[in-house]
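Participant: This structure is in structure tokens; I'll ask about it shortly.
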Amino acid sequence: MKTLLLTAGLLLSGTVHASDTLWQRAVALSAYNRDAVPGDWVERQEIFDLEGESHLVLRTHVGFSQTHSKIDVTLIEATSNGIDLTSELLETFEDRKPEFTLKPQYNPFQPSEQKNVSAKPEGRTRREGETVLVAYDYTHRTDDGRWRGVAWIDDVTGTPVELNARLIGLPIMDDKDQIREVVLNVTFRTGEEREWHIAKVTLFKRAILNNFPYADFHATIETAIILDDYWKIRFR
């Protein structure tokens, strides 16, 4: 534990873009929990047309476990419009495993991301019970593009509670699809002994889909990912 905190301190000392003390506490908390892995990943994606009619509902339940030094990713259940496709998808699931990775934009507080993050207090506060949250404007460069958003952080402990961000510089092409809007919301959960992790990721996307089976299909895509039953990697 001491080694981990020392490592976090060294990483923070080199942070120049997001050097605010409260933000640094958030980064240290993220570093402390960097070995936390969700046991369950439940993802629901729904695709709507321009009129708001639902065309497709996909639900995927994936589990994570550790065998010796390896993290195993297991498909538990997959459905499409309520039809069970688990058996069919098991055959090709190995190729899909990389999809079930927490992207950097879901957690801009990671020490390794601070070179790509610029953050400053925005001036607003809000109260949740006895807790006062401070708003931080931030930008975050990732492989998916540049994000601009607001993060809400506990004004005493530096614990991140929620963030809302938007992908800027759109439209962009993703293979044959044109991405016109992407909005991200992430909520975090805390526990005992400084436990902190991502609880839910929500993505709202507007796009023109041209990959099979779509052609010039103006779509709204809503994705919700619930992450639960966290455990920590065991090092041997």
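Residue numbers (my numbering): 33 to 268.
We put the beta carbon where it would ideally sit given N, CA and C, even for glycine.
Report yes if the C-beta distance between Trp-55 and Ala-197 is below 8 Å; otherwise report no.
Facilitator: no
Participant: Within 10 Å of its beta-carbon, does Gly-181 have 16 or more other beta-carbons around it, so buried, or fewer, so exposed?
Facilitator: buried
Participant: Go ahead and label Asn-139 buried or exposed: buried means 16 or more other beta carbons lie within 10 angstroms of its beta carbon, across all protein chains shown.
Facilitator: buried
Participant: Under 6 Å Cβ to Cβ from Gly-190, same chain only, skipping five residues before and after it: list those, please.
Facilitator: Leu-54, Arg-57, Ala-58
Participant: In three-state DSSP terms, what is Phe-244?
Facilitator: coil
Participant: Give the list of continuous alpha helix (DSSP H) stretches no shorter than 4 residues that lie fully inside the segment 63–141.
Facilitator: 118–122, 125–128
Participant: Assess contact between the segment 127–145 and the segment 229–241, defined as three or more Cβ pairs (one per stretch) separated by less than 8 Å. Is contact present?
Facilitator: yes
Participant: Relative to the C-alpha of Arg-91, which candidate in Phe-267, Ile-265, Ile-258 has its C-alpha closest?
Facilitator: Ile-258
Participant: Going straight from the alpha carbon of Asp-186 to that of Arg-128, what length do you get?
Facilitator: 36 Å
Participant: Mind checking whether Trp-179 and Glu-194 have CB atoms under 8 Å apart?
Facilitator: no
Participant: Of the residues Lys-208, Tyr-170, Pro-153, Ile-79, which one's Cα is nearest the Cα of Asn-243?
Facilitator: Lys-208
Participant: Tell me whether the beta-carbon of Asp-261 lies closer than 8 Å to the beta-carbon of Asp-81.
Facilitator: no
Participant: Using the C-alpha atoms, what's the distance from Ile-211 back to Thr-124?
Facilitator: 26 Å
Participant: So, for Lys-237: in the same chain, excluding its five sequence neighbours on each side, which residues have a beta-carbon less than 6 Å away from its beta-carbon?
Facilitator: For Lys-237, where only same-chain residues beyond five positions count, the Cβ hits under 6 Å are Val-214, Ile-253.
Participant: Around the Cβ of Pro-192, are there at least 16 other Cβ atoms within 10 angstroms (buried) or fewer (exposed)?
Facilitator: With 16 or more other Cβ atoms within 10 Å, it is buried.
Participant: Could you give the DSSP three-state label for Arg-57: helix, strand or coil?
Facilitator: helix
Participant: Quick check: is any heavy atom of the ligand SAH less than 7 Å from the C-beta of Pro-143?
Facilitator: Questions concerning the ligand SAH fall outside what the structure shown contains, since it holds no ligand whatsoever.
Participant: So, are the CB atoms of His-172 and Val-149 less than 8 Å apart?
Facilitator: yes
Participant: According to DSSP, is Pro-270 helix, strand or coil?
Facilitator: Outside the displayed range of the chain (33 to 268) lies residue 270, so it cannot be described from this structure.
Participant: How big is the Cα-Cα spacing for Thr-99 and Glu-126?
Facilitator: 17 Å
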